[in-house]
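With numbering that gives the first Met the number 0, letter number 554 in the sequence shown gets 553, and the count goes up by one each step, no holes. For every residue, glycine included, the Cβ atom is placed at its ideal position computed from N, Cα and C. Below: the structure, in structure tokens.
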Amino acid sequence: MGSATNIRNLAIVGHSGEGKTTLLEAMLFDAGATERMGKIENGTTVSDFDEQEIARKTSISLALAYFNRNGVKINLIDVPGFYDFEGEFDSAMRAAGAALIVAGAGGSVTVGAEKAINYCLKEKKPSIIFINGMDKENADYPGTVRALQEQYKGKIAPIQIPVMDGNKMTGYVNVITGKAYSFGAKGPEEMPVPAAYQAELEEMQATLQEAAAENDEALLDKYFEDGMLSPEDTILGLRKGILSIGIIPVLAGSALLNKGVINLMDVIAEYMPQAAERGLMATDLKTEKETEVVCDENAPFAAQIFKTAVDNFVGKLNYLRVNRGVLKTGVDVYNPNSDTTERINSLYVVRGKKLEPVTSLSAGDLGAVAKLTATGTGDTLCDPNAPVKFAPIDFPEPVLSMAVNATVRGTEDKVFGGLARLAEEDRSFQVRKNTETGETLVCGQGEVQLDIIKRKLKSKFGADAEFTTPTVAYRESITGKAEAEGKHKKQTGGAGQFGVVNIRYEPGAADGVFEFVDAVVGGAVPNNFIPAVEKGLREAIKKGVLAGYPMVNLKATLFDGKYHPVDSKEVAFVSAAKLSYEDGIRRARPVILEPICSMKITVPEQYVGDIMGDLNKRRGRIIGMDTVEGLQVITAEAPEGEILTYATSLRSMTQGRGRFSKEFARYEQAPEMILQSIAKK
């Protein structure tokens, strides 16, 4: 059972609500790994065990489970389907050798299924589709298959025909073997192929044989010679096609009623790629060259962490895939990411929240290791004598940010310490300090993810936090020219203070922020006091006169002044400069500047009109448009203040198909309405 040829690793992916977790429940039950099928509505499923998942009745983080079938160990990773948890998808796909894509039977390709198939094709990841929900009134298997075949021409290969009684699926015909089965009380029971399905079976067999032949030259020759392939040859071609991403097999059933699930398990065990068939590229740290790490249990150990979790009982838990060799308890391994050595004290195989202790994990297997101190998600663990380093996992950049503050004063350490721990668990979430505004920001993939972060902060760490819309880092500048005198005179008995400066203010600083020019003639302001004038101005420009935002693009020329041989001091000229600034800037037509972001928005063509209309409402500008891999990439610019929650709007407009990235471009003068809005605040 430990051999990599007898292991299959699949991530269960697809649209939210299509039944991924229920399908896993059915498979675990059918394999005898659980005594009963848990239900999402009761909070009793194996993979949704977090209190937030139970409360929301939806998956929010990946979960691992395994079962054995026909001498094969099948590791499954249940992946959340909601958009905010894309980071969990990326983690799971690094560990899995293939994807089990769960799609609804509604007659179309759902967004989640589409994104999963596109990912698998792009990343050359084998996949299999299970059309779920065949128990529903509006189930349309033929329509769903047609929609898939139209969108992914030449890839989709149905290997099963559902046998229907009205809207009810009562059995299926195996296209490969030509045998039919009815759903009995104890599983599938063989029956004759119903006459109504005979013609469809022959047509689908011919199509499947042709698809199988196209994945092997010898099989193609056979197919041309004989006009057909034997079931054995069809299976061989099918396996090769799945492995080379030439074929995506399709099955159907009902996870909720546990129909068609045993057949799916058998297909996974028989046709889906073995763990041994998947190598992974890494850097050999001795030669600094890229090398393929072959999944061989007799080679030196190497593994990668694909997920980190904080368990209330075990502490920090790192989920890993052993890519090479064998990992044993009691050994020291090397982490090249942190350049540290870690001792492996406890190893587990995982079934939901249940951790089963083991003494070793072999190449190709998935498991978990507890209480590592310097190891996080994406890190490599390896044999110190054969050091390698796997590429980091690419997590999506955050697209939504909120300012965070402790609800209760004095609990800041608790809040920010908890957030740091949660960021270890979820690498698609970050905590950042905005040096411009001084705010701490929580940054993630959407409102749901950030809401869950806040709730976890409370439940796991007992810390209450408030998330608010972040402050936009506006600037102030001037558009005109003005001269102003600043006079500081103080007499309080004893030594006095005296300083007068005359300064000209205009836009056009050489460095874009602040330029000070000394144009004093005749010693009106002595040289030893001129640095004090500049110091006063540099302190003053930290706050503009309109709303207190930092001043930029200001050129200040000191051209005259007065001093007293006894009472003039540095502090007097600092104060005089500030007084001049206050008066002069107000008369130099001050304005508010707003940050402008450049954006790249990627959407299917049918949404371009909506995107452009929406950008127009946000005072955005379209710079250009390109077609990349069949999608429209819109390059645009928009004020940062108008796109703080753009991630939510984009998902709504594109049904989750749109993506965007942004970065700061420059500052521009804000319209009057922005000044009025700021004045109100």
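Around ALA422, the same chain offers PHE428, GLN429, VAL430 as residues with beta carbons nearer than 7 Å, after the five sequence neighbours per side are excluded. Counting the other CB atoms within 10 Å of its CB gives PRO589 a total of 16 or more, which places it among the buried residues.
If you look at SER359, you'll find it in the beta strand (DSSP E) that goes 359-361. Excluding sequence positions up to five before and after VAL573, its CB lies within less than 7 Å of the CB of ALA531, LYS534, GLY535, all in the same chain and listed in chain order. Leaving aside the five residues that flank THR439 on each side, the residues in its chain whose CB is nearer than 6 Å to its CB run, in chain order, VAL403, LYS432. Taking C-beta separations shorter than 6 Å and ignoring five residues to either side along the sequence, the partners of SER660 in its chain run LYS599, following chain order. Pairwise C-beta distances place the region 545-565 in contact with the region 504-516, as three or more of them are shorter than 8 Å. DSSP, read as helix, strand or coil, puts ASN69 in coil.
For ILE610, the three-state secondary structure derived from DSSP is helix. A direct Cα-to-Cα measurement between ILE130 and PRO638 gives close to 44 Å.
The residues ARG68, ASN69, in chain order, have a CB closer than 8 Å to that of ASP265 in the same chain once the five nearest residues on each side in sequence are set aside. Here ALA678 is exposed: its Cβ has fewer than 16 other Cβ atoms, across all protein chains shown, within 10 Å.
DSSP, reduced to helix, strand and coil, places GLN444 outside both helices and strands of the structure shown, so it counts as coil. Under DSSP, GLU662 takes part in a beta bridge, and its partners are SER597. Residue pairing of VAL349 in beta bridges, as defined by DSSP: LEU354. Around SER243, the same chain offers ASN214 as residues with beta carbons nearer than 8 Å, after the five sequence neighbours per side are excluded. Per DSSP, the unbroken beta strand (DSSP E) holding VAL172 starts and ends at 167-173. Note on GLU201: under 16 other CB atoms within 10 angstroms of its CB, so exposed under the neighbour-count rule. Distance from the CA atom of TYR473 to the CA atom of GLU24, rounded to whole angstroms, is 52 Å. Sequence-distant Cβ neighbours of TYR222 in its own chain, meaning closer than 6 Å and more than five residues away, are ALA212, LEU228. When the beta-carbon positions are compared, ILE76 and ALA10 come within less than 8 Å of each other. Residue pairing by DSSP places LYS554 opposite GLU505, GLU514 in a beta bridge. Taking 4 residues as the minimum length, the alpha helix (DSSP H) runs contained wholly in the region 175-258 are 197-212, 216-225, 230-242, in order along the chain. Bridge partners of SER126 according to DSSP: ALA98.
Contact between the region 362-379 and the region 319-339 is present: 3 or more CB-CB pairs across the two stretches fall below 8 Å.
For SER476, the enclosing beta strand (DSSP E) stretches over residues 474-477. Following the DSSP letters along the chain, one finds MET401 in no alpha helix (DSSP H) but inside the beta strand (DSSP E) bounded by residues 399-405.
With a cut-off of 8 Å on Cβ pairs, the region 276-287 is not in contact with the region 164-172, counting fewer than three such pairs.
In summary, ILE622 is exposed, with fewer than 16 beta-carbon neighbours lying within 10 Å of its beta-carbon over all protein chains present.
As the crow flies, the alpha-carbon of HIS14 is around 8 Å from that of PRO79. For GLN148, there is no enclosing beta strand (DSSP E); the enclosing alpha helix (DSSP H) covers residues 140-150. In this structure ASP463 is not in contact with VAL387, their Cβ atoms being roughly 44 Å apart against a cut-off of 8 Å. Excluding the 5 residues flanking it on each side, GLY245 has same chain C-beta neighbours closer than 6 Å at ASN214, in chain order. Around the beta carbon of LYS616, fewer than 16 other beta carbons sit within 10 angstroms, so the residue counts as exposed. The C-alpha of GLY103 is placed about 21 Å away from the C-alpha of GLY37. With contacts defined by Cβ atoms closer than 8 Å, SER126 and ILE267 do not form a contacting pair.
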